[in-house]
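S.K.: For reference, the structure I am asking about is given below.
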Amino acid sequence: MQSEPAKETKVTPQTAKVEDMSQPVQSMKIETVVNKPVEPIKVEETSKLEETEKAETKKLDEVQVAQKEFERRFPETKNEPADTWGLTNKYNIQKIRSSNEGKYEDIIDRASRTYGIPKTLIQKMIEVESNFNPKTVSHAGAMGLMQLMPANVKEMGIKNPFSPAESIEGGVKELSGYLKKNNGDLVLALASYNAGPGNVRKYGGVPPFKETQGYIKKILNIDVSK
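The sequence shown begins at 19 in the numbering used here and counts up by one.
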């Protein structure tokens, strides 16, 4: 930034925290530090700001509509912590419950209580990661139900990444850690889980990877590619 302008504007990302998904997934907070007499804001700048605010309002509306539809379809989840995350009707609860989820229900319940992660979110992650196949191995070497990477398996002391209990426990623990590091921002936590925390730091947000953007959309039905 040049030193000549009359004011210096700092733009700080204000992320949508887990505790309050009534806010947009990502908004901008502007703080102004006055160093010299303030010049009037140009019409073009005002228009851009208005367009940004409209886009953020539209995204918030989409999340709220999806959340209401999710609660209408699956009222049994209304009192779960998942509500605060704006989960959507992309969660095929009936399909999950009628297929493989029953095999791991006790494990999922235990991990949910231990780390405060909603059962529905854990179920959806398993569905997206491995389609409930505990023997799945990705081209990158990720293993098991929660597709844990070898480095994370070693770091967490997991003896058998193909064990449903160890995989679910490890995956939920990993996600919980990313939530804490990203101040409760579920979008960034999921991006870290999929692409690695290093890439999230490198790009200052969700990395521009189609796989990661698609991963978040499958789980939260939120388009982060724009």
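C-beta atoms are modelled at their ideal positions from N, C-alpha and C, and glycine is treated no differently.
Where DSSP assigns a beta bridge to Met161, which residues make up the other side?
M.R.: According to DSSP, which records beta bridges pairwise, Met161 is partnered with Val155, Leu166.
S.K.: Given a cut-off of 8 Å on the beta-carbon distance, is the pair Val190 and Ile140 in contact?
M.R.: Closer than 8 Å, so yes.
S.K.: Quick test of your reading: Ile325 and Lys137, contact by CB under 8 Å. State the CB separation rounded to the nearest angstrom.
M.R.: Examination of residue 325 is not possible in this model, given that the chain is present from 19 through 244 alone.
S.K.: Does DSSP classify Asp203 as helix, strand or coil?
M.R.: If DSSP states are grouped into helix, strand and coil, Asp203 belongs with the strands.
S.K.: Who are the Cβ neighbours of Thr230 in its own chain at under 6 Å, not counting the five residues just before and after it?
M.R.: Answer for Thr230: Ala209, Asn212, Ala213, listed in chain order.
S.K.: How about the stretch 169–184 and the stretch 196–209: do they share at least three Cβ pairs that are nearer than 8 Å?
M.R.: These segments do not touch.
S.K.: Report the rounded CA-to-CA distance for Ser117 versus Ala158, giving the unit in angstroms.
M.R.: Unreliable placement is indicated for Ser117, whose pLDDT of 49 sits below 50; no coordinate value is reported for it.
S.K.: With DSSP run on the structure shown, which of helix, strand or coil describes Ser194?
M.R.: Helix, per DSSP.
S.K.: Rounded to the nearest angstrom, what separates Ala207 and Phe227 at their Cα positions?
M.R.: Roughly 15 Å separates the two Cα atoms.
S.K.: Could you tell me which uninterrupted alpha helix (DSSP H) segments, each at least 4 residues in length, are contained entirely in the stretch 115–147, listed from first to last along the chain?
M.R.: The stretch 115–147 contains these whole alpha helix (DSSP H) runs: 123–133.
S.K.: Once the 5 residues before and after Lys172 are set aside, which same chain residues still bring their CB inside 7 Å of it?
M.R.: If we look at Lys172 and ignore the five residues flanking it on each side, it has no Cβ neighbours.
S.K.: Look at the alpha carbon of Val155 and the alpha carbon of Glu69, and state the distance between them as a whole number of angstroms.
M.R.: Roughly 44 Å separates the two Cα atoms.
S.K.: Pick from Pro225, Glu147, Gly195: whose alpha carbon is nearest that of Thr132?
M.R.: Out of Pro225, Glu147, Gly195, Gly195 has the C-alpha closest to the C-alpha of Thr132.
S.K.: Alpha carbon to alpha carbon, how far is Val146 from Ser181? Give it in angstroms, no decimals.
M.R.: Their backbone Cα atoms lie some 18 Å apart in a straight line.
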